[in-house]
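*Asks:* Please read through the structure below; I'll follow up with questions.
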């Protein structure tokens with residue numbers, strides 16, 4: 141993440157209401173026997189585009205960010221990876237900002253200032269009972285630039301971005317300095333929780349690395 145909240149708030153994507161129709165079709169990420177769904181919310185992640193790093197840690201970061209929210213048992217999130225040109229087009233079309241950005245989120249309409257568990261009460265599942273929370277769209281090129289600039293691994297940068305995008309889907313905003321700081325704190329917490337769970341899983345006998 142960038143170290144300057146004011147600049148970050150200007151560049152960072154926010155939750156948008158119109159779905160990004162130009163994105164490729166998403167497909168569910170298959171889960172192996174060593175990555176069972178946790179009890180409670182069964183978070184299904186579909187992925188479009190070519191991910192710049194391994195998917196299991198990204199899925200774990202999204203789940204960690206959303207776990208405290210109290211979402212319905214059957215919840216789905218779409219995750220898309222695009223290039224700068226596509227992200228710039230989405231940013232221009234939906235935010236009227238003619239430049240690329242790291243992450244954009246497309247979700248349901250929520251009451252103003254509703255966030256977290258309060259926002260979850262206003263989310264509406266589809267008729268089949270599945271809550272399709274929305275889309276997280278990451279520019280792989282912008283993520284790589286930010287990782288190099290910040291001296292971070294690309295996988296860590298993308299994990300922060302997808303956690304940040306997931307928080308947008310449940311009402312969190314970063315248009316103020318305070319909102320930005322809160323989102324950064326929650327995003328970093330989600331990534332730390334993801335890392336701890338991964339280390340514990342790898343330490344169990346008979347569990348191979350993803």
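Residue numbers (our numbering): 141 to 350. Don't be surprised by glycine CBs; every beta carbon is placed ideally from N, CA and C. Bear in mind that the values here come from a model prediction, so they are computed numbers and not experimental data.
1) Look at residue 205 and residue 306 and say whether their C-beta atoms are less than 7 angstroms apart.
2) When DSSP labels each residue in this structure, what does residue 202 get in the three-state scheme?
3) To the nearest angstrom, how far is the alpha carbon of residue 214 from that of residue 266?
4) Below 8 angstroms on the Cβ atoms is my contact criterion, and I expect residue 283 with residue 242 to pass it. Report the Cβ-Cβ distance as a whole number of Å.
5) My assumption, with CB atoms under 8 angstroms, is that residue 399 sits in contact with residue 201. Please give the rounded CB distance.
6) Since residue 324 and residue 259 are thought to touch, with beta carbons under 8 angstroms apart, how far apart are those beta carbons, to the nearest angstrom?
7) For the beta strand (DSSP E) that contains residue 215, what are its first and last residues?
8) Beta carbon of residue 217, beta carbon of residue 189: below 7 angstroms?
*Replies:* Here's the rundown:
1) In this structure, residue 306 lies closer than 7 angstroms to residue 205 by Cβ.
2) helix
3) 10 angstroms
4) About 6 angstroms; that satisfies the 8 angstroms criterion.
5) This structure gives no information on residue 399, because the portion of the chain shown stretches from 141 to 350.
6) About 19 angstroms separates the two Cβ atoms, so there is no contact after all.
7) 214 to 222
8) no
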